[in-house]
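Residue numbers (my numbering): 186 to 439.
Read the structure below first, then the notes.
Quick look at the structure:
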């Protein structure tokens, strides 16, 4: 038995963990449900707690754009201390709210190059913690979807999205998402591209629009570019579903 405990502490014959989600597609601000399945190892083990890390990858311009492969979105405690007997199977149901400011990595069924993973960890004293990693797909919630639909109706074409470390007023996380669009022909004389950022929090959402605008320089002989930032705030309590968001966005781009 002592040898088995020693091996288990080294990860050999240790308990195994597998997290299963009830839904393949998730939305910021909505419930995530599923269960954590634990298969006991060769010996009984005391688990101090079960927790999730919701992580992604963000670019760090201070490091020449190198990605951080463990940019933390949230840490969620699922269960308190428990004992898993040797060979026992335990299924622990869970439910938590996906943070409202979770980045999105899928739009209209098309995956964006923004990996988001749910990391499950069993905290076992004096042993290598069993872990599980599950990629998740996060699509826009209803309000974000409406704004993106308005962009599409106005003729903007999405071509890129990434996460960058940096601060935007009102943003909880140390990084933010840029969703980049090419402008429609009617606006291509004035801007080369437009970057959209959702700053989400409980009760409201900011829509930040950063335009890469074209300006005449050198006695009108050449174009140069300057960034211009516009934006507006939407309160969830307002009747936002009835708003003409195409007109609102057009107004802020003038």
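Note that the Cβ used here is the ideal one computed from N, Cα and C, for glycine as well.
Model, not experiment: these values are computed from the prediction.
Among the options, whose alpha-carbon lies nearest the alpha-carbon of residue i?
i           : options            : result
residue 205 : 219, 243, 214, 415 : 219
residue 201 : 305, 363, 365      : 305
residue 338 : 425, 432, 288, 319 : 432
residue 366 : 375, 374, 352, 396 : 396
residue 211 : 289, 299, 422, 362 : 289
residue 225 : 388, 315, 364      : 315
residue 425 : 242, 256, 388      : 388
residue 372 : 317, 324, 390, 439 : 439
residue 362 : 199, 319, 318, 291 : 291
residue 349 : 255, 230, 326      : 255
residue 223 : 429, 257, 269      : 269
residue 430 : 331, 324, 375, 352 : 331
residue 364 : 245, 333, 422      : 333
Please classify residue i as buried or exposed, where buried requires at least 16 other C-beta atoms within 10 Å of its C-beta.
i           : result
residue 427 : exposed
residue 346 : buried
residue 287 : buried
residue 243 : buried
residue 344 : exposed
residue 412 : exposed
residue 382 : buried
residue 274 : exposed
In this structure, does DSSP put residue i in helix, strand or coil?
i           : result
residue 327 : helix
residue 370 : helix
residue 356 : coil
residue 436 : helix
residue 429 : coil
residue 335 : helix
residue 349 : strand
residue 413 : strand
residue 246 : helix
residue 289 : coil
residue 203 : strand
residue 297 : coil
residue 378 : strand
residue 321 : coil
residue 308 : strand
residue 255 : strand
residue 227 : coil
residue 213 : coil
residue 315 : coil
residue 341 : coil
Assuming residue i contacts residue j (C-beta within less than 8 Å), just tell me the rounded distance between them.
i           : j           : result
residue 263 : residue 221 : 6 Å
residue 356 : residue 384 : 5 Å
residue 335 : residue 434 : 6 Å
residue 213 : residue 284 : 7 Å
residue 368 : residue 379 : 6 Å
residue 446 : residue 297 : Coverage of the chain is limited to positions 186 through 439, which leaves residue 446 absent and any answer about it impossible.
residue 259 : residue 239 : 5 Å
residue 320 : residue 302 : 5 Å
Enumerate in chain order the residues of its own chain whose CB-to-CB distance from residue i is below 6 Å, with the five nearest sequence positions on each side excluded.
i           : result
residue 266 : 233
residue 406 : Low confidence applies here, because residue 406 scores a pLDDT of 42, under 50, leaving its location unreliable; read the following figure in that light. So no residue of the chain qualifies.
residue 300 : 242
residue 322 : 210, 291
residue 340 : 369
residue 326 : 212, 213, 214
Among the residues of its own chain, which have a CB less than 8 Å from the CB of residue i, if the five just before and after it don't count?
i           : result
residue 437 : 394, 415, 416, 417
residue 308 : 232, 233, 234, 235, 236, 314
residue 247 : 350
residue 282 : 214, 215, 216, 217
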